[in-house]
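Heads up: the protein sequence lines correspond to chains A and B, in order. If you're matching positions, the first sequence starts at 1 in this note's numbering and goes up one per residue. If you're matching positions, the second sequence starts at 220 in this note's numbering and goes up one per residue. Ideal placement from N, C-alpha and C gives every residue a C-beta, glycine not left out.
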Amino acid sequence: MAPEKLVIALPKGRILDECMPLVRAVGIEPEPAFDDPKSRALRFSTNHPHIDIVRVRSFDVATFVAFGAAHLGVAGNDVLMEFGYSEIYAPLDLNIGHCRLAVAEPVEMEGEDDPARWSHVRVATKYPEVTRRHFARRGVQAECIKLNGAMELAPALGLCRRIVDLVSTGSTLKANGLVEIEHIVDITSRLVVNRTALKTRPEELGGWIDSFREAVNAR
Amino acid sequence: MTDTDTKALLPAGLRDLLPPAAAFEASVVDRLVSHFAGFGFERVKPPLIEFEENLLAGTGAATAMQTFRVMDPMSQRMLGLRADITIQVARIATTRLKNAPRPLRLSYAGQILRVRGSQLHPERQFSQCGIELIGVDSPAADAEVVVTVASALAALGITGLSVDLNLPTLVPAVCDALHLTAEQRAEARTALDQKDAAAVAALGGPASDILGALLKACGSADTALDALRALDLPPVAAAERDRLAQVLDRVRADLPDVGLTVDAVENRGFEYHTGVAFSLFAKGAPGELGRGGRYLAGQEAGSTQEPAVGVTLFVDKVLDVAPQPEARPRLFVPAGTPLADRIRLRDEGWTVVAGLEPVEDALAEARRLDCDHAMVEGAPRAVG
């Protein structure tokens, strides 16, 4: 009997370049079209006939894995915290994609207002759930404006005064006249696995998790 | 949008089941309940709605956020629409059936309603079916429930079944032994729920060592159990682990073909369990087919509570993987066919669809009514 299909979901963009060396280190080599920037394909075969790789947006990795459409994936804990899916396990920190989720505001506002007196803030963010929870813990109601990118523009154009976004070096914030005022959480990329897949194929999935762990430790 | 379109709209999470899905669901529930009955689990039928305080007392507290409420104009008291049937069966066992001999074996099937769906489980009304074994606290009782429900699923033709055995009491016992604060416990719980090894490591101190080791002790039953045995667990936790091993041996002896895994840190959905708990999975199913475990039946803590173990199947998830039985062939018979003839044909295995008015072309009428055969000149003839 041919082995059951195994689908791995990887995030497009910056994290992909960081996680591919790990994927290759565990012995999974995608077809050449994977590295061809002109290819429009979304699903790629690998050197293992039963393993396919799909390339999707980072938020969608979590959704594909939660629904069991993909069995393994790579997702940041920012995405995992935003969705809180019960069907995802994140057994391994891949130690890549380091950044942090932070609150930022225009430089000229800094020191002007007292955060302790806030009852309500309006924030532009890609992470409305995490943002709402973060402010709720301090008794502040957050009205979130969901944006899918270029959060840094929002304060300058008067959409809102504060943003919650990923920060790695801080240069994007600086270039847009913003300053980080609150650190929410540190972010790294995790190896994620679908709960049912791990329970029904424990040896196979457990084996891949162990291989990835060795690859991470070997770096 | 036309008027008919808007009339068809249902509230989020609710849906109409049409032929043949509705009949399929009914037949699956029927086969499950008959399987349970065949092994001594007698059916009870609690009401759809009852006094809120009874529904939400004791173990029912976990469903408080998911329960619809209405006010009863008769008694002027609040009523809850059940979000779970186990609580009701436990109430029956510890009140009306308190004098029935133990162990008491009960089964149930019915509809439940939840306040909220989620992206993963948008349904708000669904069918549940299950068994409860009340009055005995032993590995034999735990194993009987696991074996009965897994064999019922196998009898439906579901393949690739696996049972994940859990110990929701293990982590609290370890936390007690380590004297963790409430805040540290909550952090540990969140990290363990997501199997987030990085967050467990970040807890620091002896907690991260032992909880990290528990996290690694998840997977195939034998390897996981060996890993658990290698750990230096506090006495309460070690007793729980040994109990799990006994249940595992019994289940394996009865069900050699069912996959067995152990996950000592799983807790989600097991908040009120007091011993061995389990989830049922099948290859190809997007989520778990059911879950169950040991709990205390009865509303007040103390003498009125009884040890119990039970399982609930999520029928919609079971339907996703259960093979559809072959449909009976549909036969169109002309108007005026006597009932005795129609009964005979039905007993021969046909689904008999009778015409109400005489028709010119019985074959054409059969085709229009989705029948594959029509009675022509006293004999069934296939519709071309």
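Helix, strand or coil at residue i [DSSP, three-state]
i	result
A/Pro11	strand
A/Gly73	strand
A/Val140	coil
B/Ile549	As written in the sequence, residue 549 of chain B is Arg, which differs from the Ile given in the question. Here B/Arg549 sits in strand by DSSP.
B/Gln285	helix
A/Ile209	helix
B/Asp441	helix
B/Asn385	strand
A/Ala104	strand
B/Ala501	strand
B/Phe260	coil
B/Val355	coil
B/Ile562	helix
A/Arg201	coil
B/Cys394	helix
B/Glu567	coil
A/Pro95	Per the sequence shown, the amino acid found at residue 95 of chain A is Asn instead of Pro. Three-state result, A/Asn95: coil.
A/Pro128	helix
A/Asp17	helix
B/Val477	coil
B/Ala273	Here the sequence assigns Asn to residue 273 of chain B, which means Ala is not the residue at that position. Looking at B/Asn273 - three-state DSSP - the assignment turns out to be helix.
Of the listed residues the options, nearest to residue i (C-alpha basis)
i	options	result
B/Glu567	B/Asn486, B/Ala426, B/Leu550 and B/Leu582	B/Leu550
B/Gly478	B/Val365, B/Ala598 and B/Arg324	B/Val365
B/Val571	B/Asp580, B/Ala593 and B/Arg587	B/Ala593
A/Ala116	A/Glu143, A/His98, A/Lys199 and A/Arg137	A/Arg137
B/Arg335	B/Phe345, B/Val595, B/Val368 and B/Ala328	B/Phe345
B/Gly424	B/Ala407, B/Ala440 and B/Lys414	B/Ala407
B/Arg586	B/Val602, B/Glu596 and B/Glu459	B/Val602
B/Ala240	B/Pro553, B/Pro544, B/Gly597 and B/Arg563	B/Pro544
B/Val595	B/Ile562, B/Gly259, B/Arg563 and B/Thr556	B/Thr556
A/Thr196	B/Asp356, B/Pro505 and B/Asn318	B/Pro505
A/Asp35	A/Gly13, A/Asn176, A/Arg201 and A/Asp78	A/Gly13
B/Gly511	B/Ala598, B/His398, B/Val368 and B/Arg404	B/Val368
B/Leu564	B/Leu582, B/Ala546 and B/Ala598	B/Ala598
B/Glu342	B/Pro238, B/Asp535, B/Val481 and B/Ala276	B/Asp535
A/Ile145	A/Gly139, A/Ile51 and A/Tyr127	A/Tyr127
A/Ile163	A/Trp118, A/Thr125, A/Asp186 and A/Gly170	A/Thr125
B/Ala373	B/Val247, B/Asp291 and B/Asp560	B/Val247
Distance CB(residue i)-CB(residue j) smaller than 7 Å
i	j	result
B/Pro548	B/Asp591	yes
B/Asp396	B/Pro453	For the sequence presented, residue 396 of chain B should be read as Ala rather than Asp. Yes, Cβ-Cβ distance for B/Ala396 and B/Pro453 is below 7 Å.
B/Ala501	B/Gly379	yes
A/Ile88	A/Val65	yes
B/Met297	B/Arg288	yes
A/Arg220	A/Leu6	The structure shown does not extend to residue 220 of chain A, since chain A is modelled only from 1 to 219, so the question has no answer here.
B/Pro358	B/Arg471	no
A/Leu80	A/Leu191	no
A/Ile8	A/Ile53	yes
B/Tyr514	B/Thr313	no
B/Ala456	B/Ala410	no
B/Asp356	B/Pro526	yes
A/Val140	A/Val121	yes
B/Val537	B/Val495	no
B/Ile353	B/Ala583	no
Against chain A: residues of the segment 469-492 of chain B by CB proximity under 7 Å: Gly478, Thr480 and Arg487
Stretch-stretch touch, CB-based, cutoff 8 Å, three pairs: the segment 279-287 of chain B with the segment 571-584 of chain B: no
Chain B contacts from the segment 192-205 of chain A (Cβ-Cβ distance under 7 Å): Thr196, Lys199, Thr200, Pro202 and Glu203
Against chain A: residues of the segment 374-396 of chain B by CB proximity under 7 Å: Gly379, Ser381 and Asp383
Chain B contacts made by the segment 85-101 of chain A, where a contact means CB separation under 8 Å: Tyr85, Ser86, Glu87, Ile88, Tyr89, Ala90, Pro91, Leu92 and Asp93
Three or more C-beta pairs below 8 Å linking the segment 381-388 of chain B and the segment 484-498 of chain B: yes
Inter-stretch contact (C-beta, 8 Å, three-pair minimum) for the segment 102-114 of chain A and the segment 176-187 of chain A: yes
Residues in the segment 51-68 of chain A having any Cβ partner in chain B nearer than 9 Å: Thr63, Ala66, Phe67 and Gly68
Cβ contact (3+ pairs, closer than 8 Å) linking the segment 445-460 of chain B and the segment 226-233 of chain B: no
At least three beta-carbon pairs within less than 8 Å, the segment 321-330 of chain B to the segment 239-252 of chain B: yes
Contact the segment 299-310 of chain B vs the segment 524-536 of chain B: 3+ CB pairs below 8 Å: yes
Inter-stretch contact (C-beta, 8 Å, three-pair minimum) for the segment 431-439 of chain B and the segment 403-421 of chain B: yes
Within 7 Å of chain A by C-beta, residues of the segment 429-442 of chain B in sequence order: Gly438 and Ser439
Chain-ordered residues of the segment 115-133 of chain A with a beta carbon less than 9 Å from chain B: none
Residues of the segment 514-543 of chain B with Cβ closer than 8 Å to any Cβ of chain A, in chain order: none
Inter-stretch contact at 8 Å, needing at least 3 Cβ pairs: the segment 150-167 of chain A / the segment 32-49 of chain A: no
Proximal residues, the segment 546-571 of chain B versus chain A, C-beta separation under 7 Å: none
Selection of the segment 498-515 of chain B by Cβ proximity to chain A, strictly under 8 Å: Ser498, Phe500, Ala501, Lys502, Ala504, Pro505, Gly506 and Glu507
Contact residues within the segment 249-271 of chain B, judged by C-beta distance below 8 Å to chain A: none
The segment 408-429 of chain B: positions lying closer than 7 Å to chain A by Cβ: Gln413, Lys414, Asp415, Ala416 and Ala417
The segment 31-51 of chain A: positions lying closer than 8 Å to chain B by Cβ: none
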